[in-house]
Every structure is written in C-alpha cells, then in structure tokens.
Amino acid sequence: MADLLTVTSLGQIFGTMTTVQAVDDVSFTMPKEPSIFNLVGESGSGKTTIARIILGLQKPTAGHVLYNNTDIGSKDKQWQTLFHREVQAVFQNPYSVYNPVYKVDRVLQTPIRKFKLSRSQQESREMIESSLRAVDLRPGDVLGKYPHQLSGGQRQRVMLARIHLIQPRLIIADEAVSMVDAAGRVTFLNVLLDFRERLNISTLYITHDLSTAQYLGGNIIVLYKGRIVEAGLTREVTKNPLHPYARLLIQSIPAPDPNKRWAEKLPLNMAEMSLVQSTNRARCLFAERCPNVMDACWQTRPELRKAPTDNTHEVACHLY
Amino acid sequence: MTQDTPQEAVLAIRSLSVVYVGRRSAAQAVTEVDLEVQNNEILGLVGESGCGKTTLAVAMLGLIEPPGKVIGGAVQIRTHDHSTQDILKVKPSLHRQLLWKEIAYIPQGSMSALNPVKRVREQLTDTLIEHGLKKNEALERARWALQVVSLDAAILERYPHELSGGMVQRVAIAGAISMQPPVLVADEPTTALDVVTQRSILQELVSIREKFGSAILLISHDMGVMAQIADRIAVMYAGRIVEIGSIHQVFASPLHPYTKKLINAIPNARGRESGERLIGLGGESPNIWRHPPGCRFHPRCEFAIERCSQQAPVFTSPNGSSGQRVACHLY
Amino acid sequence: MKNEEKPEEKSFRSRLQRYRPLARYLGNRFGVYLFTLWASLSLAFILFRFMPGNPMAMSVTQLQSNAGLIVGADKAAEYYREKMGLNEPLHIQYLKFLKNMIFGPFDFGHSFVKYPTPVNEVIGRYLPWTLGLFTTSVILAWILGTAIGALLGWMRRSRFASWAIVLTTLINITPIYVLAVFLLLGLSYKLGWLPSGRPYDAQMMPSWKWPFIKSVLIHAILPVGTMVLVWSSGWILGMRSLMVSVLGEDYLAYARAKGLSPLTILKEYAFRNALLPQVAGLAIVLGMSLNGAYIIEIIFRIPGLGTLFANAAALRDFNTMMGLLVFSAFTVLTGSLIVDLAMPLFDPRIRRSDA
Amino acid sequence: MKVRKFLQIVSVVAVLVMLLSACAPQTVIQTVVVRETSEPVVQTVKETVQVKETVQVKETVEVEVKEVVQVEVTATPVPEEVTYVFGDLPRNETYIIGSNSNNPKFNCFNYMSPATKCDEWNGGLQLSEENLFMGLNGKIIPVLGEKWEYNADYTEIKLYVNLKATFSDGTPVTIDDWLFTFQSAQANMDKGLHVGLSKNVTVEIAGDNVILFKFFKAADEANNIAELTVPSPNPTFHMSFINSTATMGYHPIPKRLWDGQDYVNYPNNPPVGTGPYTLRACNEDTFTCIWERRADYWNADLLPKPKYIVFTRYGTTDAAIEDFIAGNYDLGGLTAALNDRLVKENKDWSKFVGLDICPRKVSFNVTVKPFEDVEFRHAMSLLLNREAAAKLDTPASYIMLVPWPYIGEPNSRWWDPEVAKANDVSVYDPAKAAQILDAAGYKLDANGKRLDKDGNPIKIEVYSLDSGGWGAWPRLFAYDASQVGIEVDVKMPGDANVFFDAVMKGNYGMSIVWACAPADWPIFNYGLFTSSVQKPIGEVAMWGTTGRYTDETFDDLYSKLSAMNPDDPAVDPLMKDIYKHYVEVKPFVELFGAYTELVSYGRYWENLPDGEYIIWGTSYQKMLWEASGMVDSLPVYNP
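Chains as they are written, first to last, in numbering that gives the first Met the number 0: chain A, 0 to 319; chain B, 0 to 330; chain C, 0 to 354; chain D, 0 to 638.
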C-alpha cells in the first residue's frame, strides 16, 4: 500500500452513561502523491475529533489511523519524532496558538531549533524570511512583533510560514480560515495550493464552508453527525451532489451574484436541529431534516456505496 | 429593491467620526461616515476585519466606550412617533429607551451573545420590562417574537447552552424585533454558523423586513451574503465608506478598485475549474493607527496615481445615476 | 412523518434521562470526596508516625533535664505508651484508627498533652474562637471584598478605581503579620483605643452575660479588622478582574445594546456571572478558615485551632494533630463538596452538560 | 510609661503656656499647673526653658516658670491614683509575672502524669503548695516538716511533720493526709512523675506527727540511680529522698479529695494545698492565672507581701516590649539584648541574674570511634574554645573547673586545682591538641586530613541545638578541628525532638549535655558513669548517660561515696579521687556554666532577689520570701 494516510473504521464515543458518538465508522485514505483532501460538515459532525485523532491528541474508541503504513500509536520514539515533524496542524483560532508574551519570531525559531534545520544564526534568519515571503508576508511587517499586533490573517499565515520552514508532508488544517475574513481566505487557500504544487505537501482541509473546499478541489468527504454521507472528487460532489444533505449544503452557499438569490425559503426543519437528541443511531441520521425522507430512512442505516452516476463517487442514502 | 426616489431616511448617519484614544496618539477607526438607511431596506456594510464596521455599528447605537470616542457627527433616527432623535445627543435615560424600541441590535450568533446563567425568558423579558411593558405583557410579547422567528415557546425556559447556534441567533433576532423597531443593526449575524443555518437566518431577516418593513443594516465581510439579501451595499475601507450603491449596480459594475478586489476574492468553484487562481487583496489590511495620507487605499491599489497619495477623494456618481457613488480619484 | 422520537420526549424515562448527567456529576463528586477523605485520614495517620521523636520520650527528657534524675520516669513513660496503644505494630494501630474513624465516628482517642481529655473535646474547646473570629472574618472579608471588587470592576475606568486598586494591592501584598503588629502597636499600645490581644478581659470567665460578650466583641475588633482588611483585599482584586473580564463578554455588549439600565446590567449580567468563581472560592476558604490562622492567633493571643495545632506539633501530641488534620481535611473537603453540589444551582451550564 | 506620658503632657502644656503668654494674663498659667505633684514640676521647669529658648521669648517665660514653682511648693501632694488591672485588682497590690510559655496546660494543677506536660511553674501552682523542707542558701529550712531521724542501722527514718498547716479550703492537714500522700506516690510510681517512693519502703504512722519509713532489701538490685537508698546504712538518703530536688518534694494532698481518684488525672482544679495563695481564677483562653493571698495562711510570719499574684503570657515580642516599657509586668525576661536596653532606657526596670544549676557540658559517645580513646577525647577538649562560646551564649557565663555549678570558687574539699591543671580542665590549646593527636598515632595524610588508627579520615558528628547561644560552640569547634585536620559534621536540628532522638539513642559523636546538679552534694555527676544506669546503643538512655561511658573506678568510688554523709571528713579524699579519675578519663568535658537573666520592675515591688534563687527549679515562693526580706529570719534545720 502506498498511502500517506489511511483512516480505517474510525469511531469515537464520548461519555459513559449518556454517550455521544462523535465519529462513526469513518474510513478514507490519502495517497502518497501530494493532494488535497476536504472534510466538510457542520459543527458536531465530528470533523474536529477526526483531526485530533489523526494528530494523536486523542485515542479513538474504534478503528485505527496509519501514517506511512504505521499505526500512529506506534511506540517507536524515532518514528514519533518523524511523525510530529511530517504532520503539522493549523487550527481555527490563530491567536491561541501563540504565547502572548513572546514575539512572533519565537514561533518560527522553535521548529528550527527543535528539528535542527539550520546551522547558523544567519542561515535561520534567511530561512525565516524566505518562509514568510512564501506565504505572502513581508518579514518586516511580522518579525519583532507580538501576536496581538498582527491581524488574524497574518497570524494564520505565520503558522503557514512555520509549516513552510518545517516542510512537512501533511498539513491538517482544522477550520483554519473560519475566523479570517473573506479577503484573507483566498491568500491562505492559495498558499495551500502552492504548497501542494511546489513543495509536495498534502493538506487535509477541514471546514464547514463548502465554498473554500470547492476552491481547493481534490477529494472530499461530507460528514453528518459523525458519519460519511457522501465522498468523492470535490468537483464531482459539488457539481452533482447526491445526498440530500450535500445538496442542501451546496445550495446554501451564498452565491456572490445578486441575480442568483435563493429561490425559496428553507423549511425550518431543514435548518435547525431538534432540541431532543435521538440516541437511536440505527437509521439515517439526516431523516428528520430530509425533504426526501422515506420509511426506510427511519429503520435502517444507509450504507456508503458507489454512486450510480460515477465510479469515484460514494453516497450513503436510501435513495440510491 | 432599490429606492431611487429620495425618501426620508429612517436612520441617517451624518459625518460620523470615531477615534480610539491611545497613550500618545489617536486611531481613526471611523472617519466622516455618511450613511442613510431607508424604510424597508437592507443596507449591507462590507469590509475587511479592522476596517471599522463594528465600531461604526457600536457608534450608531451610541455605545462607544473609552478608549473609543465619537469626535463628530450625528446618528439620527426617525422614531415611531415621527420625531427625529440624535442618538449621540439624547440624555442617557432616553437613549436607553431608544435602544430596542427604535434601533435594535442583533449580535453575532454565538453562545456568548447571551448571558449563560439566565434563561431565555429572563433575557427577553427583562429588556421589555425596562422598556415599559408589564411582566405578563412582556412574556406575551416574547412568545410572539419567538413565534415570528419560528421558534417554539418552550425555548423560553431554556438556557443558551441548551440551544444550537441557529436557535441562539433566532432568539437574538426575536429579541431585536420584539419592540418592532424601525431599524435593526445586525453585526456579522451568521459568521459563526454553518452555511445551512446561515441561509435560514438570512432568509429570516428578509422575511422580517417583509413583515415589518424594518430597515436593516447588515454588517458582514462576506460578499456572498450581501449578494443574497442586501438591497444596497456600502463598502468600507480603513474607516471610510469608499463606495455605495445598489447591490445590482455594485456587483455588475464595481467602481472602486477595492470593491473589485473584494468581489474577485470570493472563493468558489468557478475560478478553479478553469485552473485560475483567485487573486487575494494583496498587501496588508490597514492599520488604523497609521493611515496613509490621501486615499487610504492607495498603497494597495494597482491603479494608484500621484494624486491618490496626496488628496483624499470625495464622493462622485460617475455613472450619472443617483444610486452608485464612489470615492476614488479615478472617476 | 414517522418520527419515533416524538413520543419518547414526553415519557418519564426521557425526562429522567435529562437529569442523568446531573446525577452522574453528583455521584462523581461524592465518590471523589469519600476517596480523598480516606486518603487524608491515612496520610494524617502515617505522617505523624514518621515524625522524629515521640511524645513520651519528650516528656521524660524534659522532666529529667529540668529536675535531675527521677525515679521511674521511663517506666511511667512506658505505662502511657502502652495505654495509648503506641507499642502496637503500625498496621494494627492503623486498623484501630480506621475503626475509630468510622464507628467512633471520628474518635481520635485522648489527647496526650491534655490526657485524659478526648481530642474531640479539646478541639471543641478551641473551635468556638476559630469559628467566631476566623470564620466570621472570612465571611465578612468575602462579602466586603466581593461587593467592593464588583464596584471597582464596574467603575474600572475611573481614576478613583485605579487608586483604590493600587491601595488594595498594597494591602494585599502586606504580610498579614506585619499589618497585625502594626495595628496592634498603633491602635492598642500607642493610642490605647483597643485592648492588646487575648480573646477577652483576663479576669473574666466565659458566660452569656453582656459584660463578657461586650469584652469579647471589643477584643475581636483588632484581629477581625486585620483579617478582614487583608483578606478582603484579595477578594477585591479577584472580583474586580472577574468583573472586568465579564464586562468584556459579548453578552454584556449585547445587554447594553438592549438599552438595559446600568443597574440591571451590573446586577443581572455582570455581577451574577462574575460571582460564580467567587462563591466557589469562598466555600473552600471557609473550610480552610477552620484551621485557624496561627500567626494571627499568636499575635493577638487567641486560643484557636492554629495555636492548638502548633502546640500539639511541638509536643508530639499525635492524637490531637491527627484530629486537627482530619478535621481540617473534612471541613475543606466538605466545603468544596458543598460547592460542587451547589454549583449547578448557580450555573445552569453544569446542570445539564455532559462535559 | 507614666513618666514619659507625664513629660509629654508637660511639654504640651509648656508650649500652650508659651503661646498664651503673649496675650493671656498670668493667672491662666497657675490654674494649669496646680494639679501637678511637686517633684516632676522641677522637670517641668527644665522642659519649659528648653522649649522657650528656641522660640526666643525667653524673658517673659522665665518669670512664669518661677511663678509655677512657687505655686507647686505650697500645694499639698496629691496621692497617686490607684489603677486597677485584670478587672478589679489594685495595681500596687498585685505582682504580675510575665511568661512566654506556650504550654497548652497553663491551667494544669496536677503534674503527676508524664503525658500531660503540666509543670509546676507554669500558672503558679507552687504558690498553693509547700514542701517539707526547702534548700535555701545552702541551708535546709523546715517548712511543713520539722526534722527527720534515723535508727541505728539506718534502716528506718522517722519524719516529723508539723500539723499547723491548713489546706486552702480551710481544713487542717492531718497525719492521715501525710500517710495518704506518701502511699499514693508509692502506689503510682510507675504512672506518675511525682517523686515515687521505692517499692522497698513501707510507710506507716508512728506518732501524732510522725511518719515512719522502713526499708528492706530489694530482690533486684539493678535499680535506678535514685533508688540507691536501700538497704545499706545511707545518710545521703536525705539528699535524694527528703529533699531530692528543689521543687519536686512532697506536697501534702488532702485524702478527702484525692482518695479514690485517678492519681495522675485528677484535675485538682482549683488546687487545694497549704501554700500562701489560693487560686482566684485561671483561664486557658487568656493564659492568665490570678492568685489571691490567703487570709488563713498558717505561717502568718511568712505571709508574702503581694495580695495578688498574676501569671500571664506575653504577646508577640513587639507587644511584650511595649508592655514592659509600660510597666505591665513586675517580673519577666526578654532576650539578653532587649533586657539590657530595657534596663538602660527605663530606670524602673532592673536586671538580675541567677545561677543556672544545669551547666553545659560536652559528652563523648565512647561507642563511636575514636572517642573510645581517652587521648583523643583529651585532644577534642583542648579544641573547645570555651571563652568565645560562653561569650556568644550569654554575657553572664563562667568557665568551669569542676563538673557542678558554683559561684565564685568550687568547694575545695572536693577537687584539686593541681589535678585540674595537670589534666587541662577547660583549657583551650589547639597546638597541644595537635601534638597529642600526633603522639597518639592520629597521623595527617597528604591532604592534611587527620587519619584514625585504621588509616581512615576522621569525621566527627557533633550534635547541638541552635536555640539561644548553643549554636556557637559547635561552629567554633568545627573550625578549630579543621585546623588540626579533622572534619566535623555539625548537626543542629531545628526540631529538638530530632536532637533528643539521636543523642539519647547514642547516634552521635559529640553532643551538648546540660547536667543539672545540686551544688551542695555533687556526687550525682559521677553516678552517670556507673554500670548500673547504662543502656545499650539504640535504646533511649537516661539524659547524661548518653555517652555510654562506664568503668569500675566509678562504680567502686561512687558506691562508697553514696553511702557516706557529706559532712564526713572521710569523704574528701574519695571525692578528690573521683574528681581526679573524672578529669583523667573525660567522659564529659565542661563547656561553661550559665546564669539566667530576669528583669524586674521597681515601681511597685522593690528589693527583688538575685543570686541563686531565680534559677531552674527554684520556686517563686522562695523568691517572694526573699522579696519580703524575711529569709534571714527563717528557722534553719541542721540534721
């Protein structure tokens, strides 16, 4: 197997007496070749939990994660060091990653020191500056400043500069741009694309914002309440969504065109979740919001299977 | 729905300037902003973070607190009884009455907008009671308002953490409309929500406008959101309004280079399919403590001419029509 | 639409389900409480057994060195060691100790120093002073500190508040004994306004008559004043920063935008939310206040539990030391248990969250 | 303090006078000063003049001052106002004793139990008690006892008691009470710390006022040192039995109250005894005991002066200083430096010292190498810088030539200065120490370290306490020892228990020892080295025997001496012999003797005693007799 990352039947249950299944039988693989993989879902869909499991911050209750064919729970110290270098995370809140009492420089110097990337002061200085330029930042604007003196977009891009320094193989970007405004998003996404093309860095891009995933392309998984409801090439899935939830997501992206406004008002049941959370998971979890709901939806859990339309496309819905 | 015919604005911001007073200098957060919102209109206010949108919203409500300071201008609202009041000038007790009754605020729909230790009922009724309603009237009104935003009255007895983000946002909207104010100010009302919920909330705002004819000032950084529901749009850059016009005009023919960039920077599938990259804004967002002289956008502007760095542009209507105006030396 | 959740929602079971997290929360806290209590009991037992010296050897040495050679001193010491069970193997002593703790309950045996008075009686004698002076001071300091802190937080931008905070910080960093001695020398010795220590006039005997009560009250002014001054400063600083952070919350901005009156905002939005951590703090400190404050007791010559512990430790009165340690663990743990149990009443987020 | 306050008032008045002098008529001044007493007014004058010179209104002022003095001289002195303390006690009839005791049993009135930390001089219990005989100034003064008599073979003692005394509850002391007192002590000797009577004695009544003690041979002679009294003829007996220690003699206890009670736990509160004072109130909360003089005290001639005696506890040192300055105590003691300052700055306070009957010595643990070697002990003795250590301890210390405390010269019958000199008693001479070590085979290695006879570097573990001045000697010693190549590990545990534990179990090399001994018959000092009192290493040894030294010479001489009358001239050569042996074998060496310092307030009570009366284990009662000036008139018993 020549996969970079293999996630197999991942499951995560929280709580002991009342349980919440945050992740339910999620499998996917990312190839060795540099690629983008999108994980899309609303809050509570389990996407952040998956990120945490892959980063080794949390032990799954079921399934396992292989990185380069080795379980990420490996006890091998050397392997772990390598893993932590090759897999880097960018989180939602760029501020909380920084220690407010240190200058931004420290964030960039630490990996150089930790992974012994340079031999001289001069060399590390040059490396930092070139990394900053690679993420569209002027070194003079950033170096010597404290985190609070930077904008959210700048802070997020400093994290990317850090990644540029480390040159990992995989970036886990968890809601990395949800707190950055529209203008800053494009720069960030372009950097990710550059990384893939020029530096062979893959990205696992986790978001609730389908439009950014759309922009990045690659593969996509749509999650709903911990389960995969649709998977495939991003282009295919966004152009021709099969699952009613995926369809709803695509339709809800506000089109930047005043002539293409939403036609009808969204029924309330499709928008909001009920106050009462069902504990019965042997069914389609989207049933209560689904406009095409059938009896079968309440009774059996739809399996993820190949879509009739396209070979690369998978969907978990009783309609197909 | 564009109103080309002049009409008396229900909310008129006149030459409003707000600064933040630092230890040695003052930051110009909002500079000489003029805006009018008409009845039954959704006016979108768009700009990058740090451009002064939120400061403007807070100033509109007359709630600027130190170190912020309003150094000039007026915020006039036409009240239910057809008088005009300047929010910045009225005495505190009247100010509090005007808030909510005449101009209500819809916060960002996160949990933190509501007091975590009080039930929804208390948070809705306390405001109503302070605005002169009796206890049972207030409760009745709260029920009604929740119904308007399609929420079950059972929500009244819940605490904020028991609700989903969309519900909290609806509660906030319900609160804002409970006194049927002529003006609603919604500050990034959908930023923290997923797209489906965002859509339902935005549609809720539209239907509120339809039901009550309220004027809504919608603040967002998302051009997509604007395109979906705004009637008119004002683009703000570095504390100034740089372009204003009907949504159709602005999207069809953006005038200001900044507006153009904003529209081009919306991520979607279109650009990528053709293999193109979207172009970001380039350069850094403005630093309110050190605005460049002249047109504040000129350091990032590819069309900048010498004049741009010397003289601040004034509004013109290059298309001839009354609707679209721009502050740019190119026109 | 076939929705199987609907009927479930109405059932009693589901309503019970709703409070399951609460029940689990309470169960957890109580379990932790019992475990910690056991652990501290055992620690109390073990700790003192491994201290060097033993009470009998101390007595004998003291008497021998004071009075020369005494017939039968070591025999007498042996007699008492036997009588107090100190000659038994450690594990037997431990089991007996646990038995007395559970079935006594909390029977610590006799005080060595005040033999044959039971330890519980000894603690009972000192407890009223601790309760009356220290616990009262803790509560007064908390009320004052919370109220003043809330006000200072509310007026956080005023010049008065800034100066008040500077002053409070100064008081707060002053060691309590420095302030105590300063006040004692100033108000008592130099000015002669207040008595210089002791819990009441030396010639009085405790009674419920007015002259005695009056004497106690007058004597309490200095120590209670000192403690309230210093301790409240901590609460002021804490409450102020809590207020300032709560005032920065979104719901505060929202409350102002709703046109609520400042009083309502202060009371219902700012104060109430800032109060939660303060309440938690109080309960724990209340528990701890029962340990007395040794330094204050020494300075003002008050016979409280702190003095008792110091004396017991100096004289290796194991039983009394254990009694005090267990008593203190018990009150501190019970204090925090009460907070844990009461917190859901104050904070709805704990009541029904799964976290 | 009254005078200071008065001077303050006066200066204020003077300033007022000055200000008024410019505008007001002179009559005002007269009215101001009339109520003052004549003596301090002279001071007023001085004060006034000084102040006025600086203000340059000299002329007019001097006139005024003369006026004032004239007014004063003619005025009748107003008696000093009586102040009340502790509620209703007139200050001038109350004697207040301050203490820094933290004893939790401040109000403990039965000190029989070793478990209760109750001791006699805490709350003033001894004021209610009296001994049979009292040792004072080397004389034996009969109190409740009259005399004692031996039979021919010294197997019986008849003790004559006087039956004039009454208990503080008004009942007379009977011979039955006396019998009960002795029998109870005997029956409870394993439980109580009151001087226990040997089990080898029977006690019975042999007359109206006579108690008869009969001795018989014990089955087991491996006895405690204090049980040396049986069965051989033994005139030394009275030293240990009748008057064995200064305080722990026999106080009669009323059978009525004590019979059937638990001897060691009977509260005895309020205490019932024959002493001149009875307890009025005692409160642990306030650490204050108030004693009131008995109107029905039997020995009316010796009735002490103060009507009330109050024992109370100081507050913090700061507060205590203020209290001392204000004269809120009549007797007490701070640190030496503070005592000095107090006495220097306040003329009402005076300082006096008393002999501490427990001089400091250094004990060698002979079970630890190389302390088994007398030459090595000798060398260590020469390394002790006693002068310096004594100065650092208290200013009032003296270098000892004999192992018992003394004032001036030790009793010449019992020692020989030549012997002392020959054996370097209390001599500090590091050079000689090095010579001795070299000669004895303790060689220096290449690094300058002194090696023991097995060739290992010597390391000495020295134990002391760092309280008071006792931290000085080990540090000095460590320095001097290092100069001769010996490494010293000084251990001064902050916790006295650690110290006691190590020393009493024999886990040390050298240690400080304070050996308390009666100055008038010091053979106990030698008894510590007899084989009968020794304990193995690891067991808790009796204080003073912790060095585990014993030899036959001590056994032999000590058994002879303890059977002799100290007045017997035959004692002298034996005492000199045992002294010579002691200084030769050096199981202990003397460090220094010490005095105790106290300060007393003279405004209300004068002529307080000094000398040997304010010492460890000497009762306040004796002190108060002394204070009353009655000591000389006391009857003396000469057995």
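The C-beta atom is built at its ideal place from N, Cα and C for all residues, glycine as well.
Remember, predicted model here, so these are calculated numbers, not experimental data.
| field | For residue 315 (chain C), three-class secondary structure by DSSP | value | Counted from its first residue, the third sequence places residue 315 (chain C) at position 316. Residue 315 (chain C) falls in the coil class under three-state DSSP.
| task | My understanding is that residue 331 (chain B) touches residue 76 (chain B), with C-beta atoms under 8 Å, so please give their C-beta distance in whole angstroms. | result | Residue 331 (chain B) lies beyond the stretch modelled for chain B, which goes from 0 to 330, so this question has no answer here.
| query | Does residue 3 (chain B) come within less than 9 Å of chain A when only Cβ atoms are used? | reply | Taking the first residue of the second sequence as 1, we reach residue 3 (chain B) at position 4. Confidence is the limiting factor: at residue 3 (chain B) the pLDDT is only 43, short of 50, which leaves the residue's position unreliable, though a coordinate-based value still follows. Closer than 9 Å: no.
| Residue range of the beta strand (DSSP E) that includes residue 394 (chain C) | Since the displayed chain C opens at 0 and closes at 354, residue 394 (chain C) lies outside it and no answer follows.
| Given that residue 250 (chain B) touches chain A, what residues does it touch there, using C-beta distances under 7 Å? | Within the second sequence, numbered from 1, the residue matching residue 250 (chain B) stands at position 251. Under the 7 Å cutoff, chain A gives 256, 257.
| query | What do you reckon, are the CB atoms on residue 522 (chain D) and residue 459 (chain D) nearer than 9 Å? | reply | Here residue 522 (chain D) refers to the residue found at position 523 of the fourth sequence. Here residue 459 (chain D) refers to the residue found at position 460 of the fourth sequence. No, they are not a contact pair.
| message | Closer than 7 Å between beta carbons: that is the criterion. Which residues of the stretch 278–311 of chain D meet it against chain C? | response | 280, 282, 283, 284, 285, 286, 287, 289, 311
| Within the stretch 22–67 of chain A, ranges of the alpha helix (DSSP H) (whole runs, at least 4 residues) | Entirely contained in the stretch 22–67 of chain A, the alpha helix (DSSP H) runs reaching 4 residues are, in chain order, 46–53.
| message | Suppose contacts are defined by Cβ-Cβ distances below 9 Å. Is residue 164 (chain B) in contact with residue 186 (chain B) by that definition? | response | Stepping through the second sequence from its first residue, residue 164 (chain B) is reached at position 165. Stepping through the second sequence from its first residue, residue 186 (chain B) is reached at position 187. No.
| Is residue 589 (chain D) near residue 424 (chain D), with beta carbons less than 9 Å apart? | One-based indexing of the fourth sequence puts residue 589 (chain D) at position 590. One-based indexing of the fourth sequence puts residue 424 (chain D) at position 425. Yes; because the gap between Cβ atoms is below 9 Å, this pair is in contact.
| Sequence-distant residues of the same chain with beta carbon closer than 7 Å to residue 251 (chain D), five excluded per side | In the fourth sequence, the residue the question calls residue 251 (chain D) occupies position 252. Taken in chain order, the residues that qualify are 143, 172, 176, 177, 180, 273.
| query | Do residue 218 (chain B) and residue 44 (chain B) have their CB atoms nearer than 9 Å? | reply | Taking the first residue of the second sequence as 1, we reach residue 218 (chain B) at position 219. Taking the first residue of the second sequence as 1, we reach residue 44 (chain B) at position 45. Cβ atoms of residue 218 (chain B) and residue 44 (chain B): closer than 9 Å.
| With distances taken from CA atoms, which of C:154, C:23, C:44 is nearest residue 246 (chain C)? | Counted from its first residue, the third sequence places residue 246 (chain C) at position 247. That would be C:154, whose Cα lies nearest to the Cα of residue 246 (chain C).
| field | Residues in the stretch 447–463 of chain D having any Cβ partner in chain C nearer than 8 Å | value | none
| said: Quick check on residue 186 (chain A): buried or exposed, where buried means 16 or more other Cβ atoms within 10 Å of its Cβ? | reply: On the first sequence, position 187 is the one that residue 186 (chain A) refers to. Burial call: buried.
| said: Please confirm whether residue 161 (chain C) has its beta-carbon closer than 9 Å to some beta-carbon of chain B. | reply: Taking the first residue of the third sequence as 1, we reach residue 161 (chain C) at position 162. No, residue 161 (chain C) does not count as interfacial toward chain B.
| Sorted by chain position, which residues of the same chain lie with C-beta nearer than 7 Å to residue 52 (chain B)'s C-beta, five sequence neighbours on each side aside? | In the second sequence, the residue the question calls residue 52 (chain B) occupies position 53. Within the same chain, residue 52 (chain B) has close Cβ partners 44, 46, 218, 235.
| said: Using a Cβ-Cβ cutoff of less than 7 Å, which residues in the same chain neighbour residue 226 (chain B) once the five nearest sequence positions on both sides are dropped? | reply: Sequence index remark: in the second sequence, residue 226 (chain B) carries index 227 (1-based). Closer than 7 Å at the Cβ level, and outside the excluded window around residue 226 (chain B), lie 246, 250.
| task | Compare the C-beta of residue 357 (chain C) against all C-beta atoms of chain D and say whether one is closer than 9 Å. | result | Because chain C in this structure spans residues 0 to 354, residue 357 (chain C) falls outside the shown range and cannot be described.
| task | Please list, in chain order, all residues of the same chain as residue 298 (chain A) whose beta carbon is under 7 Å from its beta carbon, the five residues on each side excluded. | result | As a first step, residue 298 (chain A) is located in the first sequence; it is residue number 299 there, counting from the start. Counting only Cβ-Cβ distances below 7 Å, and skipping sequence neighbours, we find 282.
| task | Please look up how many angstroms separate the CB atoms of residue 600 (chain D) and residue 347 (chain D), rounded, as I've assumed it's under 8 Å. | result | One-based indexing of the fourth sequence puts residue 600 (chain D) at position 601. One-based indexing of the fourth sequence puts residue 347 (chain D) at position 348. Yes, residue 600 (chain D) and residue 347 (chain D) are in contact; Cβ-Cβ is about 6 Å, under 8 Å.
| task | Report the partner residues of residue 20 (chain A) according to the DSSP bridge assignment. | result | Here residue 20 (chain A) corresponds to residue number 21 of the first sequence, with the count starting at 1. Bridge partners of residue 20 (chain A): A:12.
| request: Answer yes or no: does any C-beta atom of chain B fall closer than 9 Å to that of residue 346 (chain C)? | output: Within the third sequence, residue 346 (chain C) is the residue found at index 347, counting from 1. Judged by the 9 Å Cβ criterion, residue 346 (chain C) is in contact with chain B.
| request: From the DSSP output, in three-state form, read off residue 290 (chain D) for me. | output: Numbered from its first residue, the fourth sequence carries residue 290 (chain D) at position 291. Strand.
| said: Between residue 334 (chain D) and chain C, is the shortest Cβ-Cβ distance under 9 Å, so that the two count as touching? | reply: Start at 1 with the first residue of the fourth sequence, and residue 334 (chain D) comes out as number 335. Output row for residue 334 (chain D): interface = no.
| request: Taking 8 Å as the threshold, find out whether the stretch 94–104 of chain A comes into contact with the stretch 138–147 of chain A through three or more Cβ pairs. | output: yes
| query | In chain order, which continuous runs of the alpha helix (DSSP H) of length 4 or greater are located wholly inside the stretch 280–364 of chain D? | reply | Qualifying alpha helix (DSSP H) stretches, in chain order: 316–324, 335–344.
| query | What in chain B is Cβ-close to residue 211 (chain A), meaning under 7 Å? | reply | Position 212 of the first sequence, counting from 1, holds the residue named residue 211 (chain A). Those within 7 Å of residue 211 (chain A) in chain B are 266.
| task | Specify whether the stretch 41–49 of chain C and the stretch 308–322 of chain C touch according to this definition: at least 3 beta carbon pairs, one from each stretch, less than 8 Å apart. | result | yes
| message | Please state the DSSP three-state secondary structure of residue 520 (chain D). | response | For the purposes of this step, residue 520 (chain D) is identified with residue 521 of the fourth sequence, where counting begins at 1. If DSSP states are grouped into helix, strand and coil, residue 520 (chain D) belongs with coil.
| message | Under 9 Å, Cβ to Cβ, is there at least one residue of chain B near residue 305 (chain C)? | response | Reading the third sequence from its first residue, position 306 is the one you call residue 305 (chain C). Output row for residue 305 (chain C): interface = no.
| message | Between residue 99 (chain B) and chain C, is the shortest Cβ-Cβ distance under 9 Å, so that the two count as touching? | response | As a first step, residue 99 (chain B) must be located in the second sequence, where it is residue number 100. Yes, because at least one Cβ of chain C sits closer than 9 Å to the Cβ of residue 99 (chain B).
| said: Against chain B, with Cβ distances strictly below 9 Å, would residue 157 (chain A) count as a contact? | reply: Along the first sequence, read from residue 1 onward, the residue named residue 157 (chain A) stands at position 158. No, residue 157 (chain A) lies away from the interface with chain B (no Cβ there is under 9 Å from its Cβ).
| query | In its own chain, which residues sit with a C-beta less than 8 Å from the C-beta of residue 89 (chain A), not counting the 5 before and 5 after it? | reply | Counting from one through the first sequence, the residue named residue 89 (chain A) turns up at place 90. The answer, listed in chain order, is 155, 158, 159, 162, 170, 171, 172, 173, 175.
| message | Does any residue of chain B have a CB that is nearer than 9 Å to the CB of residue 145 (chain C)? | response | Position 146 of the third sequence, counting from 1, holds the residue named residue 145 (chain C). Judged by the 9 Å Cβ criterion, residue 145 (chain C) is not in contact with chain B.
| task | Alpha carbon to alpha carbon, how far is residue 115 (chain B) from residue 313 (chain D)? Give it in angstroms, no decimals. | result | Residue numbering aside, residue 313 (chain D) sits at position 314 when the fourth sequence is read from its first letter. Residue numbering aside, residue 115 (chain B) sits at position 116 when the second sequence is read from its first letter. Each residue's alpha carbon lies about 55 Å from the other.
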